[in-house]
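Using my numbering, the first residue of the sequence shown is number 34, and each one after it goes up by one. For glycine and all other residues, C-beta sits at the position ideal for the given N, C-alpha and C. Taking it in order: structure first as structure tokens, then the write-up.
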Amino acid sequence: MSKTDIESESEKSAGWTSWLRPSRIPARGVLGILSFFGFFTNYMLRVNLNIAIVSMTAAPTNASWSQNKTLVLSECLANSSKHSSLADSQEDEAEFDWDTRQQGLVLGSFYWSYIVIMVPGGMVAEKYGGKLVYGGGNLLLCLMALAIPVAARMHISALILVRLIQGLAAGVTWPAMHVMASQWFPPHERSKFVSTYMGNSVGIAVTYPLCGVLIDAFGWESAFYVPGVLCLFWCVWWWFCAFDSPASHPRITKEELTYLDRNVVISKRKLKLPLKCILTSIPFWALVVANVGTIWAFMTIITYGPTYLKMVHGLSIRENGLLSGLPNLSRFLGSLFFSWVIDSMITSKKMTITFARKLATVIAQGIPAGLFFLMGNMGCNANMEVAVLTIASMISGSASSGTLVNSVDLAPNFSGSLLGLISIIGMSSGFVVPLVVGMIIRENQSMAQWRFVFIISAVLNVFTMIIFAIFGSGDVQSWNEPDVLKAQKKNRKILKVANENDSSAAEPLKQSGVA
34 MSKTDIESES EKSAGWTSWL RPSRIPARGV LGILSFFGFF TNYMLRVNLN IAIVSMTAAP
94 TNASWSQNKT LVLSECLANS SKHSSLADSQ EDEAEFDWDT RQQGLVLGSF YWSYIVIMVP
154 GGMVAEKYGG KLVYGGGNLL LCLMALAIPV AARMHISALI LVRLIQGLAA GVTWPAMHVM
214 ASQWFPPHER SKFVSTYMGN SVGIAVTYPL CGVLIDAFGW ESAFYVPGVL CLFWCVWWWF
274 CAFDSPASHP RITKEELTYL DRNVVISKRK LKLPLKCILT SIPFWALVVA NVGTIWAFMT
334 IITYGPTYLK MVHGLSIREN GLLSGLPNLS RFLGSLFFSW VIDSMITSKK MTITFARKLA
394 TVIAQGIPAG LFFLMGNMGC NANMEVAVLT IASMISGSAS SGTLVNSVDL APNFSGSLLG
454 LISIIGMSSG FVVPLVVGMI IRENQSMAQW RFVFIISAVL NVFTMIIFAI FGSGDVQSWN
514 EPDVLKAQKK NRKILKVANE NDSSAAEPLK QSGVA
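Following this line, the structure appears as structure tokens:
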């Protein structure tokens with residue numbers, strides 16, 4: 034067997050198929066497992082308040098509403114004994130009298146600081162490594178989660194402050210992990226690795242029923258203590274098992290290191306962020322727009338799914354937790370399926386990276402948009418509506434092979450900073466959604482009002498999907514290498530001057546290919 038054949042066999046054995054052999058899990062496979070559970074615990078601490086607030090506050094009733102205004106109840110609960118008994122029970126258990134506007138502020142405050150820190154977080158991760166930034170962000174996030182019960186009882190402003198700090202901590206995690214993805218994974222494996230980010234959906238799926246049981250048995254405070262302690266255990270695991278790059282990993286095999294050196298293309302130099310080029314890039318803005326639609330729909334489901342089931346269908350905290358978790362679990366399963374299909378198609382050369390990203394985005398946004406139009410049109414059948422949301426969420430998992438990974442495609446040298454820039458606008462949905470939905474449903478909990486909430490998500494998904502399908506790209510952009518881009522501009526300028534002065538002087542430049 035020739036040396037070339039041996040190297041080919043080594044690369045094959047170090048490829049992603051080796052992930053399936055537990056005795057030979059590669060170093061990047063360990064990183065994938067850590068990433069999954071990192072996002073799992075991260076999102077437990079983001080969304081536990083979404084389910085806890087259902088128990089912390091009482092369901093509004095006409096009796097508790099302003100004397101000058103009447104609250105329009107859901108058709109499923111109006112004048113029903115179910116609503117009366119549920120409201121009485123919640124009124125007895127509720128500790129805080131926050132109205133929907135105040136609840137919207139508490140739920141949305143997390144994202145005020147979240148979007149501000151993402152670009153600096155990505156830049157810091159690119160400079161100092163993703164291990165410290167990602168792990169440190171999760172550690173601060175869980176410490177603040179443990180402080181939420183005390184802060185809530187002090188004052189609503191103290192709770193908002195804690196959520197702001199949590200937003201800062203969580204805001205650095207996505208760009209930091211993208212930095213690690215660009216260091217550890219070649220293009221044909223990125224969709225599979227980014228599917229580990231869907232640990233967030235599994236974390237949400239587990240958090241809702243788990244917290245429902247905990248709250249019912251031990252009170253709403255337990256919804257913060259238990260996930261917080263779980264995250265602390267993960268932080269210890271991360272510190273000893275995660276490494277910034279293959280070269281810094283003390284236990285990586287020579288075969289895997291050789292494989293990654295051959296297939297991961299990233300500059301070893303510290304490069305200056307080409308902000309002007311990025312902000313004038315059409316594929317960048319197409320990705321920004323697409324992320325708005327994806328994140329808006331996602332935030333609507335995870336933030337207001339429990340509230341919808343409570344206000345419209347009057348579900349108990351246990352029922353609410355279980356049914357609210359199903360769409361998020363299905364999103365992870367959908368992500369695994371689509372990432373396997375898309376990466377296989379890219380590896381077999383059956384589709385380009387650009388076509389793959391566009392196809393995944395059309396699937397992730399187009400089909401769920403159609404399903405959103407069904408919400409609020411199925412009467413009082415809560416199980417059917419949860420089923421529709423579960424199917425929509427499963428299909429939206431295709432985003433892990435589309436918009437979620439696309440920033441690494443465009444600029445692997447600036448993947449963290451690029452994700453931060455994209456998320457400044459995209460993740461603004463995190464605080465805009467609670468404000469918009471809060472205004473829509475504040476005085477009217479009818480099916481028609483909630484139907485309008487889902488229609489907004491559907492229309493936005495369709496619009497942003499079309500923009501990305503036309504202008505999106507999966508190709509590495511020229512501004513990924515600022516020095517090369519600068520040299521190309523200089524050569525074009527020389528060629529232009531040469532053409533103007535003497536056409537013969539330009540011929541050597543054309544032949545050399547610098548033009």
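Quiz prompt | Own chain residues within Cβ distance below 6 Å of THR497, not counting five before or after | solution = VAL322, ALA323, VAL325, GLY326
Check your understanding: Using the C-alpha atoms, what's the distance from PHE487 back to GLY232?
Key -> 25 Å
TODO: Compute the Euclidean distance between the alpha carbons of TYR161 and ILE375, then round it to the nearest angstrom.
DONE: Their Cα atoms are separated by approximately 32 Å.
Please determine, among GLY168, SER190, LEU179, VAL166, the residue with the shortest C-alpha to C-alpha distance to LEU140. Ranked by how close their Cα comes to the Cα of LEU140, the residues GLY168, SER190, LEU179, VAL166 have SER190 in first place.
On the three-pair Cβ rule with 8 Å, is the region 387–398 touching the region 266–278?
-> Touching, no.
Taking DSSP's pairing of strands, which residues face ILE90 in a bridge? The sequence as given places Thr at residue 90; Ile does not occur at that position. In the DSSP output, where bridge partners are listed per residue, THR90 has PHE129.
inquiry  = On a Cα-Cα basis, can you pick out the residue from PRO467, MET408, ALA85, GLY449 that is closest to PHE485?
reply    = MET408
So, with DSSP's three-state summary, where would you put ASN477?
strand
* To do: Within the same chain, show all residues whose beta-carbon is closer than 8 Å to that of THR387, passing over the 5 residues directly before and after it, in chain order.
  => Cβ neighbours of THR387 beyond the five flanking positions: GLY505, SER506, GLY507, ASP508.
Worksheet entry | Separation of SER433 from GLY245, as counted between CA atoms | Rounded to whole angstroms, GLY245 to SER433 spans 28 Å at the Cα level.
For LYS391, name the three-state secondary structure that DSSP assigns.
helix
Report the CB separation of THR423 from LEU359 in whole angstroms; it is logged as a contact under 8 Å.
5 Å
>> Taking the beta carbon of ASP442 as the centre, do at least 16 other beta carbons fall within 10 Å, making it buried, or is it exposed?
In response: buried
Item checked: Cβ pair count under 8 Å reaching 3, the region 133–150 against the region 465–477 -> Between the region 133–150 and the region 465–477 there are three or more inter-stretch CB-CB distances shorter than 8 Å, so the stretches are counted as touching.
Roughly how many whole angstroms lie between the Cα atoms of SER255 and LEU265? 15 Å
- Query: Fully enclosed by the region 186–234, which alpha helix (DSSP H) runs are 4 residues long or longer?
  - Reply: Unbroken alpha helix (DSSP H) stretches of 4 residues or longer found wholly inside the region 186–234: 189–204, 206–217, 223–227, given in chain order.
Should ARG54 be labelled buried (16 or more other beta-carbon atoms within 10 Å of its own) or exposed?
Note that ARG54 scores 45 on pLDDT, short of 50, meaning its location in the model is unreliable and no value can be drawn from it.
Within 10 Å of its beta-carbon, does GLY449 have 16 or more other beta-carbons around it, so buried, or fewer, so exposed? Burial call: buried.
Review point. So what's PRO279 in DSSP terms, helix, strand or just coil?
Key: helix
Give the secondary structure of ALA444 by DSSP, where H, G and I count as helix, E and B as strand, and everything else as coil.
-> Here ALA444 sits in coil by DSSP.
Taking 8 Å as the cut-off, does the region 340–358 touch the region 206–222 (at least 3 CB pairs, one atom from each stretch)? Taking a cut-off of 8 Å on C-beta distances, the region 206–222 does not touch the region 340–358, as fewer than three cross pairs fall below it.
- Within the same chain, show all residues whose beta-carbon is closer than 7 Å to that of GLU418, passing over the 5 residues directly before and after it, in chain order. MET408, MET411
Along the chain, where does the alpha helix (DSSP H) containing GLY338 start, and where does it finish? 315–346 is the span of the alpha helix (DSSP H), which, as asked, contains GLY338.
- Which two residues bound the contiguous alpha helix (DSSP H) that contains TRP270? 255–274
Taking the CB atoms as reference points, tell me whether ILE193 and VAL80 lie closer together than 8 Å.
no
Contacts around LEU263, its chain only, beta-carbon distance under 6 Å, and the 5 residues preceding and following it disregarded: Within the same chain, LEU263 has close Cβ partners THR74.
Mapping DSSP to helix, strand and coil, what is ASN414? coil
### Query
Hey, how far is the Cα of ILE335 from the Cα of ASN83?
8 Å
### Message
Mapping the DSSP letters down to three states, classify SER462 as helix, strand or coil.
### Response
helix
(Q) My output table needs one value for LEU306: the three-state DSSP class, helix, strand or coil. (A) Residue state for LEU306 is assigned as coil, using DSSP reduced to three classes.
*asked:* Distance check for VAL195 and ILE400, CA to CA, integer angstroms please.
replied: 37 Å
task: Mind reading off the beta-carbon distance from ALA85 to ILE198? Whole number of angstroms is fine, and I expect it under 8 Å.
output: About 18 Å separates the CB atoms of ALA85 and ILE198; that is not less than 8 Å, and the two are not in contact.
Which one of LEU179, TYR76, CYS109, ALA330 has the shortest CA to CA distance from SER490?
-> ALA330
Exercise for the section: For the alpha helix (DSSP H) containing ARG295, list its first residue and its last residue. Expected result: 287–296
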